[in-house]
Amino acid sequence: MAMEMRLPVARKPLSESLGRESKKHLVVPGDTITTDTGFMRGHGTYMGEEKLIASVAGSVERVNKLICVKALKTRYNGEVGDIVVGRITEVQQKRWKVETNSRLDSVLLLSSMNLPGGELRRRSAEDELAMRGFLQEGDLISAEVQAVFSDGAVSLHTRSLKYGKLGQGVLVQVSPSLVKRQKTHFHDLPCGASVILGNNGFIWIYPTPEHKEEDAGGFIANLEPVSLADREVISRLRNCIVSLVTQRMMLYDTSILYCYEASLPHPVFRPGLLSSSFIWELLQCFPSDSKYISQIPLPCPSEG
Numbered sequence: 002m003a004m005e006m007r008l009p010v011a012r013k014p015l016s017e018s019l020g021r022e023s024k025k026h027l028v029v030p031g032d033t034i035t036t037d038t039g040f041m042r043g044h045g046t047y048m049g050e051e052k053l054i055a056s057v058a059g060s061v062e063r064v065n066k067l068i069c070v071k072a073l074k075t076r077y078n079g080e081v082g083d084i085v086v087g088r089i090t091e092v093q094q095k096r097w098k099v100e101t102n103s104r105l106d107s108v109l110l111l112s113s114m115n116l117p118g119g120e121l122r123r124r125s126a127e128d129e130l131a132m133r134g135f136l137q138e139g140d141l142i143s144a145e146v147q148a149v150f151s152d153g154a155v156s157l158h159t160r161s162l163k164y165g166k167l168g169q170g171v172l173v174q175v176s177p178s179l180v181k182r183q184k185t186h187f188h189d190l191p192c193g194a195s196v197i198l199g200n201n202g203f204i205w206i207y208p209t210p211e212h213k214e215e216d217a218g219g220f221i222a223n224l225e226p227v228s229l230a231d232r233e234v235i236s237r238l239r240n241c242i243v244s245l246v247t248q249r250m251m252l253y254d255t256s257i258l259y260c261y262e263a264s265l266p267h268p269v270f271r272p273g274l275l276s277s278s279f280i281w282e283l284l285q286c287f288p289s290d291s292k293y294i295s296q297i298p299l300p301c302p303s304e305g
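Be aware that the sequence shown starts at 2, since it is given in the working numbering, and climbs by one per residue.
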């Protein structure tokens with residue numbers, strides 16, 4: 002049985018350009034942000050003794066006279082138009098409850114989804130009785146945020162063929178703050194697999210379908226056996242994402258491909274891509290550009 006031992010070592014300094022770009026004004030609850038009374042308090046702050054004080058741990062962001070603190074670790078706060086990956090937790094009357102890593106369960110209404118075959122008609126009582134045949138507890142879906150209610154709950158819809166029930170693949174759960182917002186969150190990678198980067202921190206990795214009509218959405222999940230080569234690619238992508246998360250690197254198609262190409266000389270399984278030596282080697286492959294790095298300073302991995 003292979004074992005990896007980590008011993009305490011001296012911290013390796015990051016390159017000056019990387020360190021300079023990644024410096025952020027980080028605060029913890031109780032820290033004084035400013036004593037200037039001319040600023041307005043935003044989310045994550047409060048006024049105390051004529052000082053603006055942080056109420057959460059995170060990075061300070063300023064927009065003109067407004068100061069807020071963006072929490073580094075938080076639940077998903079939905080926004081209209083976000084792409085999310087979720088799991089069905091309950092079937093209710095004319096709706097499904099969906100776990101989307103938010104404070105409250107999200108809602109997918111029966112009227113907010115495509116019927117099998119793409120029929121366009123009013124939902125009937127027969128459709129309501131067959132809801133568990135469409136989606137049942139434990140099923141994974143991809144969807145788009147349709148509305149956000151006053152209490153923070155999210156309403157979803159799957160009125161597009163690219164959304165719907167997910168088939169075979171691997172789910173990786175990360176912090177929502179690490180998923181970079183882009184125009185598209187569905188990516189067919191050249192390595193032979195595809196990823197759905199959910200804004201809620203749920204990432205779905207699955208084999209790239211041969212025909213575009215058999216995309217990840219819909220209700221007919223592809224249950225054909227996945228080849229060993231595809232499974233190795235999916236496993237490598239999963240371990241690459243986990244390695245990026247340990248170093249607080251932003252997740253999007255380019256950063257995942259950088260990591261995948263750097264991982265090819267290494268074995269897929271443990272310790273392989275999750276070893277401290279590979280993670281430190283990975284950091285050297287990224288350009289010294291702040292767009293690849295989250296707001297958290299990068300720790301140096303130990304060796305052993």
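A virtual CB, placed ideally from N, CA and C, is assigned to each residue, including glycine.
Exercise. From which residue to which residue does the beta strand (DSSP E) around residue 207 run?
Worked result: It spans 203–208 - the beta strand (DSSP E) in which residue 207 sits, taken as one unbroken run.
Exercise. Which term fits residue 31, buried or exposed, when burial requires 16 or more other beta carbons within 10 angstroms of its beta carbon?
Worked result: The residue is exposed, with fewer than 16 neighbouring Cβ atoms inside 10 Å.
For this session: Under 8 angstroms Cβ to Cβ from residue 230, same chain only, skipping five residues before and after it: list those, please.
Result: Sequence-distant Cβ neighbours of residue 230 in its own chain, meaning closer than 8 angstroms and more than five residues away, are 193.
Exercise. Under the DSSP definition of a beta bridge, which residues are partnered with residue 55?
Worked result: 46
Exercise. How many angstroms separate the CA atom of residue 126 from the CA atom of residue 132?
Worked result: 10 angstroms
For this session: Compute the minimum distance between the beta carbon of residue 87 and the heavy atoms of the ligand SAM, and state whether it is under 7 angstroms.
Result: The model depicted lacks the ligand SAM and carries no ligand whatsoever.
Exercise. How big is the Cα-Cα spacing for residue 261 and residue 244?
Worked result: 10 angstroms
For this session: Within 10 angstroms of the Cβ of residue 308, are there 16 or more other Cβ atoms? Answer buried if so, exposed if not.
Result: The structure shown does not extend to residue 308, since the chain spans only 2 to 305, so no value can be given for it.
Exercise. Is it buried or exposed for residue 82, if we count other Cβ within 10 angstroms and need 16 for buried?
Worked result: That one is exposed.
Exercise. How is the alpha helix (DSSP H) around residue 134 delimited, first residue to last?
Worked result: 132–135
Exercise. Where does residue 187 fall in DSSP's three states?
Worked result: strand
Problem set entry | For residue 156 and residue 207, the rounded distance between their alpha carbons | A straight-line Cα-Cα distance of about 25 angstroms links residue 207 and residue 156.
For this session: State buried or exposed for residue 101, treating a residue as buried only when at least 16 other CB atoms are found within 10 Å of its CB.
Result: By the 10 Å Cβ count, residue 101 comes out buried.
Problem set entry | Rounded straight-line distance, which links the Cα of residue 65 to that of residue 38 | 14 angstroms
Exercise. With DSSP run on the structure shown, which of helix, strand or coil describes residue 75?
Worked result: coil
Exercise. When the Cα of residue 201 is compared with those of 152, 161, 195 and 144, which residue comes out closest?
Worked result: 144
Problem set entry | Beta-carbon spacing of residue 138, residue 90 below 8 angstroms | In this structure, the beta-carbon distance from residue 138 to residue 90 falls below 8 angstroms.
Problem set entry | N- and C-terminal bounds of the alpha helix (DSSP H) containing residue 148 | Not the alpha helix (DSSP H): residue 148 falls in the beta strand (DSSP E), residues 141–149.
For this session: Can you tell me which of 142, 141, 182 and 124 puts its alpha carbon nearest to the alpha carbon of residue 95?
Result: 124
Problem set entry | Other residues of its chain near residue 43: CB distance less than 7 angstroms, five sequence neighbours each side excluded | Its chain contains 67, 68 and 69 as the residues whose beta carbon lies nearer than 7 angstroms to that of residue 43, once the 5 sequence neighbours on both sides are disregarded; these appear in chain order.
Problem set entry | Which of helix, strand or coil DSSP assigns to residue 194 | strand
Problem set entry | alpha helix (DSSP H) segment containing residue 246, residue limits | Per DSSP, the continuous alpha helix (DSSP H) segment holding residue 246 begins and ends at 229–247.
For this session: Taking 8 angstroms as the cut-off, decide whether the C-beta atoms of residue 109 and residue 198 are in contact.
Result: no
Problem set entry | Whole-Å CB distance - residue 187 paired with residue 163, under 8 angstroms assumed | 6 angstroms
Problem set entry | For residue 36, three-class secondary structure by DSSP | coil
Exercise. Got a sec, what are the start and stop residues for the beta strand (DSSP E) residue 255 sits in?
Worked result: From DSSP, residue 255 is part of no beta strand (DSSP E) but of the alpha helix (DSSP H) over 254–264.
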